[in-house]
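Colleague:
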Amino acid sequence: MTATPQEKPPEEVPFADWDAPAEEWTLPGECADTAQRTLLLETAARLLFPLVLVFSVYLLIVGHYGPGGGFAGGLTAGLAFVLRYIAGGGIEGAQIGSRIRIRPPMLIGLGLTLAVLTALLPVAFGEPVLASAKTTFGVPLVGQVDLNTNLALDVGVYLLIVGVVLDLLRSLGSGIERDAVYAGDRVEDDR
Numbered sequence: 279m280t281a282t283p284q285e286k287p288p289e290e291v292p293f294a295d296w297d298a299p300a301e302e303w304t305l306p307g308e309c310a311d312t313a314q315r316t317l318l319l320e321t322a323a324r325l326l327f328p329l330v331l332v333f334s335v336y337l338l339i340v341g342h343y344g345p346g347g348g349f350a351g352g353l354t355a356g357l358a359f360v361l362r363y364i365a366g367g368g369i370e371g372a373q374i375g376s377r378i379r380i381r382p383p384m385l386i387g388l389g390l391t392l393a394v395l396t397a398l399l400p401v402a403f404g405e406p407v408l409a410s411a412k413t414t415f416g417v418p419l420v421g422q423v424d425l426n427t428n429l430a431l432d433v434g435v436y437l438l439i440v441g442v443v444l445d446l447l448r449s450l451g452s453g454i455e456r457d458a459v460y461a462g463d464r465v466e467d468d469r
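This is the structure:
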């Protein structure tokens with residue numbers, strides 16, 4: 279299949295640079311479609327994005343002993359990406375995966391594989407499905423840390439949920455933006 283003049287073939291990324299941003303984040307107020315964007319929302323999103331991601335990891339880690347877990351943490355991380363999508367506008371938001379080099383199908387596959395392996399691994403040792411093991415070890419400056427195998431299941435669910443949210447943003451969001459550009463409602467960013 280050949281690429282039409284409107285479509286560009288995907289560029290090959292060297293393995294060493296797979297996680298390097300393809301493009302920079304759009305600076306506040308720099309987009310050609312500034313009528314639809316506000317500086318306040320963009321600035322708030324830039325400040326909240328890393329904080330919400332850190333909070334989602336916190337929910338993931340403490341979820342075994344309190345409220346949270348992989349699902350709640352994954353949804354919280356997904357909401358951080360949704361906030362970034364809304365604040366960045368459709369042009370930036372639809373390309374969110376390429377800007378931060380996260381491939382949603384890989385996250386979905388990795389999360390699902392990790393969750394299934396964690397659930398079925400105890401069967402290999404004669405235990406029931408989803409049986410968990412716990413170990414305690416000392417960490418300098420922190421003290422005793424309990425490690426439970428349920429954390430691996432939670433990490434798998436976390437990755438799965440984040441991947442699904444990013445895939446929805448990529449597929450649905452890019453379609454909405456493409457339709458808006460073709461209808462003349464938005465001006466494409468020609469950088």
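Numbering (this note's numbering), first residue to last: 279 to 469.
Note that CB positions come from ideal geometry on N, CA and C, so glycine has one too.
From a predicted model like this one, the values you see are computed outputs, not experimental measurements.
For V394, which residues in the same chain have their Cβ closer than 8 Å to its Cβ, ignoring the five residues on either side in sequence?
Modeller: G434
Colleague: Tell me the rounded alpha-carbon separation between V442 and K412.
Modeller: Roughly 30 Å separates the two Cα atoms.
Colleague: Identify the continuous alpha helix (DSSP H) that holds F470 and give its terminal residues.
Modeller: Beyond the ends of the chain as shown, which are 279 and 469, falls residue 470; an answer cannot be given.
Colleague: Using three-state DSSP, classify G348 as helix, strand or coil.
Modeller: helix
Colleague: List the endpoints of the continuous alpha helix (DSSP H) containing L431.
Modeller: N428 to L446
Colleague: Looking only at DSSP bridge pairs, what is V423 linked to?
Modeller: F415
Colleague: Mind checking R444: buried by the 16 CB within 10 Å criterion, or exposed?
Modeller: For the sequence presented, residue 444 should be read as Leu rather than Arg. When all chains shown are included, L444 counts as buried.
Colleague: Hey, out of H342, V360 and L317, whose CA is closest to L331's CA?
Modeller: V360
Colleague: At a cut-off of 8 Å, would you count P345 as near the ligand SAH, judging by its Cβ distance to the nearest heavy atom?
Modeller: Ligands in the displayed structure: none, and consequently the ligand SAH is not present.
Colleague: In terms of residue numbering, what span does the alpha helix (DSSP H) encompassing S334 cover?
Modeller: Going by DSSP, S334 is part of the alpha helix (DSSP H) stretching over L317 to V340.
Colleague: With DSSP as the reference, label G307 as helix, strand or coil.
Modeller: Because G307 carries a pLDDT of 49, less than 50, the predicted location of this residue cannot be relied on, and the following value inherits that uncertainty. In the structure shown, G307 sits in coil (DSSP, three-state: anything other than H, G, I, E or B).
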